[in-house]
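**Student:** Sharing a structure with you now.
Protein chains: 2
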Amino acid sequence: MEEIEGASALQPARLRQTPSWLITQTATLTNRLISAALTEAGATRYHYAVLAALEEFGPTSQAELGRRCHIDRSDIVATINNLVHERYVERRQDPADRRQNLITLTEAGQQRLQHIAGVLDGVQHDLLGHLAEREREALTTTLRTILDHPSNPENGEASA
Amino acid sequence: MEEIEGASALQPARLRQTPSWLITQTATLTNRLISAALTEAGATRYHYAVLAALEEFGPTSQAELGRRCHIDRSDIVATINNLVHERYVERRQDPADRRQNLITLTEAGQQRLQHIAGVLDGVQHDLLGHLAEREREALTTTLRTILDHPSNPENGEASA
DNA sequence: TGATATCGTTGGTATCGCCAACATTGGTCA
DNA sequence: TGACCAATGTTGGCGATACCAACGATATCA
Chain V
23 MEEIEGASAL QPARLRQTPS WLITQTATLT NRLISAALTE AGATRYHYAV
73 LAALEEFGPT SQAELGRRCH IDRSDIVATI NNLVHERYVE RRQDPADRRQ
123 NLITLTEAGQ QRLQHIAGVL DGVQHDLLGH LAEREREALT TTLRTILDHP
173 SNPENGEASA
Chain U
23 MEEIEGASAL QPARLRQTPS WLITQTATLT NRLISAALTE AGATRYHYAV
73 LAALEEFGPT SQAELGRRCH IDRSDIVATI NNLVHERYVE RRQDPADRRQ
123 NLITLTEAGQ QRLQHIAGVL DGVQHDLLGH LAEREREALT TTLRTILDHP
173 SNPENGEASA
């Protein structure tokens, strides 16, 4: 073992001083852990987002689901297809507006959501378990602040 | 305007209470801003990472660049091809170890790095400019802590 | 009625991260 | 020395994520 793997992996300081870089780097790590856990559970993050939205808001159209979860309409289609196939949601046309599909969470879908949430809790523990409680809270607060700021295109439009 | 775009985009509370979700969500926003800025500049994040590594560590082999920047060997190839074509780096075989290519930063590459860094600074300002200085520092500190933790596979291997 | 907008859907694009395989080269060990 | 293993660069591919463009069907508004 002439060369230790980790020892040669010193990152350029410039990258470690670039917050936006740190964010994406952390997200890469997070995604790796989340994907591994979710893949094992046969789910994706889109699944989790959609199920969570349905639980909280009840039957919702696909377009609305996309807006709430920041997922493109076209990606919602595949996600719903998948969830329908596994009987976690039901898709039916809205009689009041036949352009829309109303997506409904099933009982199995409700349980599915609980299970996925548990998986994510595990990942969260691996990822943030070593942080002080205050630090963890500060992190989520800061991230929410960033996401709610007008620099996020999602927020800029609403005028009233 | 019967329905305001932003108003219907209320995220499920469950997502806003899941730190790992917030991280990836923030990263998505960050990537969107970064990609837009970098695309306009004709660069990618791989370009930035590689140029930064070359500036800091001098001529480096492709494999070593990959390890330092957490980029796969195969992706380094395309990145270097691109940078060579634009004359930002030079690729030549290492006479001391003919398996390796030594990648060298050119003068133009140095300036290129400065330019990209400026672009990223702008994004950073849009993204984090509204945070208090202390909050921004706490964020980078926390993210570095997460990245340096053993939950990151990159850190686990090195034993000595 | 005609113009406009929304919805679901299909299909395509780009980045990113990763993996398998191969030939070349270097180092190690019997 | 020769056999074996490791590292490198390269090619090709895969899957997840995040988009965008366009279409037909439907709804709404002037």
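As they're listed, the protein sequences go chains V and U. Numbered according to the working numbering, the first sequence spans residues 23 to 182. Numbered according to the working numbering, the second sequence spans residues 23 to 182. Here a beta-carbon is modelled for each residue, glycine too, at the ideal position from N, C-alpha and C.
#1: Which residues in the same chain as V/D97 place their Cβ atom closer than 8 angstroms to its Cβ, once the five residues preceding and following it in sequence are excluded?
#2: Under 7 angstroms Cβ-Cβ, which residues of chain U neighbour V/N53?
#3: Does the segment 72-85 of chain V come within contact of the segment 161-172 of chain V, defined as at least 3 CB pairs closer than 8 angstroms?
#4: Under DSSP, the beta strand (DSSP E) around U/T126 begins and ends at which residues?
#5: Hey, is the segment 141-151 of chain U in contact with the segment 121-141 of chain V, meaning 3+ C-beta pairs nearer than 8 angstroms?
#6: Around the Cβ of V/N103, are there at least 16 other Cβ atoms within 10 angstroms (buried) or fewer (exposed)?
#7: Using 10 angstroms around the beta-carbon of V/A100, count the other beta-carbons present and answer buried if the total reaches 16, otherwise exposed.
#8: I'd like to know whether the C-beta of U/I98 is nearer than 9 angstroms to at least one C-beta of chain V.
#9: Given that V/Q157 touches chain U, what residues does it touch there, using C-beta distances under 9 angstroms?
#10: Would you verify that the beta carbon of U/V145 is, or is not, closer than 9 angstroms to some beta carbon of chain V?
#11: Going along the chain, which residues of its own chain have a beta-carbon closer than 8 angstroms to the beta-carbon of U/I93, five neighbours each way excluded?
#12: Are the C-beta of V/H92 and some C-beta of chain U separated by less than 9 angstroms?
#13: Taking 9 angstroms as the threshold (C-beta atoms), are V/E77 and U/P34 in contact?
#14: Whole angstroms is fine: what's the gap from U/Q132's alpha carbon to V/H137's?
#15: Who are the Cβ neighbours of V/E24 in its own chain at under 8 angstroms, not counting the five residues just before and after it?
#16: What does V/L132 reach in chain U if we use C-beta pairs closer than 7 angstroms?
#17: Check whether chain U comes within 9 angstroms of V/I78, counting only Cβ atoms and requiring the distance to be less than that.
#18: Below 9 angstroms on C-beta distance, what does V/R38 contact in chain U?
#19: Take the Cβ of V/T61 as the centre, count every other Cβ of all protein chains shown within 10 Å, and call the residue buried at 16 or more, exposed below.
#20: Run through DSSP, which three-state label would V/E155 get?
#21: Would U/Y70 count as contacting chain V if we go by Cβ distances under 9 angstroms?
#22: Quick one: is U/R67 near chain V, going by C-beta distance under 9 angstroms?
#23: DSSP state of V/Q115, grouped into three classes?
#24: Using only alpha-carbon positions, find the residue among V/Q115, V/L161, V/E129 that is nearest to V/R109.
#25: Taking 8 angstroms as the cut-off, does the CB of U/T50 come closer than this to any heavy atom belonging to the ligand MN?
#26: I think V/I45 touches U/A49, with their Cβ atoms under 8 angstroms apart; what is that distance to the nearest whole Å?
#27: At a Cβ threshold of 9 angstroms, is V/A118 touching chain U?
#28: Applying the 10 Å Cβ sphere with the 16-neighbour rule, what's the burial state of V/Q146?
**Tutor:** This is what the structure gives:
#1: The residue given as residue 97 of chain V occupies position 75 in the first sequence. Sequence-distant Cβ neighbours of V/D97 in its own chain, meaning closer than 8 angstroms and more than five residues away, are Y68, G88.
#2: Position 31 of the first sequence, counting from 1, holds the residue named residue 53 of chain V. Within chain U, the residues near V/N53 are T46.
#3: Not touching, per the Cβ criterion.
#4: In the second sequence, the residue the question calls residue 126 of chain U occupies position 104. Start and end: 123-127.
#5: Contact between the segment 141-151 of chain U and the segment 121-141 of chain V is absent, because fewer than three Cβ pairs lie under 8 angstroms.
#6: Walking along the first sequence from the start, residue 103 of chain V turns up at place 81. With fewer than 16 other beta carbons inside 10 angstroms of its own, V/N103 counts as exposed.
#7: In the first sequence, counting from the first residue as 1, residue 100 of chain V sits at position 78. Within 10 angstroms of the beta-carbon of V/A100 lie fewer than 16 other beta-carbons, which makes it exposed.
#8: Mapped onto the second sequence, residue 98 of chain U falls at position 76. Under the Cβ distance rule, U/I98 does not count among the residues neighbouring chain V, no pair being separated by less than 9 angstroms.
#9: Residue numbering aside, residue 157 of chain V sits at position 135 when the first sequence is read from its first letter. Correcting the residue identity first, residue 157 of chain V is Glu in this sequence and not Gln. The answer, in chain order, is A160, T163, T164, T167.
#10: As a working note, residue 145 of chain U is residue 123 in the second sequence. Judged by the 9 angstroms Cβ criterion, U/V145 is in contact with chain V.
#11: If you number the second sequence from 1, residue 93 of chain U lands on position 71. Non-local beta-carbon contacts of U/I93 in its own chain, meaning distances under 8 angstroms to residues more than five positions away in sequence, involve Y68, A71, V72, L87, T101 in chain order.
#12: Working through the first sequence from its first residue, we reach residue 92 of chain V at position 70. True, the Cβ-Cβ gap to chain U drops below 9 angstroms.
#13: Here residue 34 of chain U refers to the residue found at position 12 when the second sequence is read from its first residue. Here residue 77 of chain V refers to the residue found at position 55 when the first sequence is read from its first residue. Against a cut-off of 9 angstroms, the Cβ pair of V/E77 and U/P34 comes out as a contact.
#14: Numbered from 1 along the second sequence, position 110 holds the residue referred to as residue 132 of chain U. Numbered from 1 along the first sequence, position 115 holds the residue referred to as residue 137 of chain V. Cα-Cα distance, rounded: 50 angstroms.
#15: As a first step, residue 24 of chain V is located in the first sequence; it is residue number 2 there, counting from the start. Any reading at V/E24 needs caution, since the residue's pLDDT is 34, under 50, leaving its predicted position unreliable; the model's value is listed next. There are no such residues.
#16: Counting from 1 along the first sequence, the entry for residue 132 of chain V is found at position 110. In the sequence on display, residue 132 of chain V carries Gln and not Leu. Identification of chain U residues near V/Q132 by a Cβ-Cβ cut-off of 7 angstroms yields none; the smallest Cβ-Cβ distance measures about 12 angstroms.
#17: Taking the first residue of the first sequence as position 1, residue 78 of chain V is located at position 56. Per the sequence shown, residue 78 of chain V should be read as Glu rather than Ile. By this cut-off, V/E78 is an interface position.
#18: Position 16 of the first sequence holds residue 38 of chain V. Chain U residues near V/R38: T162, R166, L169.
#19: The residue you call residue 61 of chain V lines up with position 39 of the first sequence. Answer is exposed; the Cβ neighbour count stays below 16.
#20: Numbered from 1 along the first sequence, position 133 holds the residue referred to as residue 155 of chain V. Three-state result, V/E155: helix.
#21: Counting from 1 along the second sequence, the entry for residue 70 of chain U is found at position 48. Closer than 9 angstroms to some Cβ of chain V, the Cβ of U/Y70 qualifies, so yes.
#22: Here residue 67 of chain U refers to the residue found at position 45 of the second sequence. Yes, because at least one Cβ of chain V sits closer than 9 angstroms to the Cβ of U/R67.
#23: Here residue 115 of chain V refers to the residue found at position 93 when the first sequence is read from its first residue. In the three-state reduction of the DSSP assignment, V/Q115 falls in the strand class.
#24: For the purposes of this step, residue 109 of chain V is taken as the residue at position 87 of the first sequence. Here the closest residue by C-alpha is V/E129.
#25: Summarising the ligand content, the structure contains no ligands, and the ligand MN is consequently not present.
#26: The residue given as residue 45 of chain V occupies position 23 in the first sequence. The residue given as residue 49 of chain U occupies position 27 in the second sequence. Confirmed, about 5 angstroms.
#27: The residue you call residue 118 of chain V lines up with position 96 of the first sequence. For V/A118, the answer is no, since every Cβ of chain U falls outside 9 angstroms of its Cβ.
#28: What you label residue 146 of chain V is simply residue 124 of the first sequence in a count that begins at 1. With 16 or more other CB atoms across the displayed protein chains lying within 10 angstroms of its CB, V/Q146 is buried.
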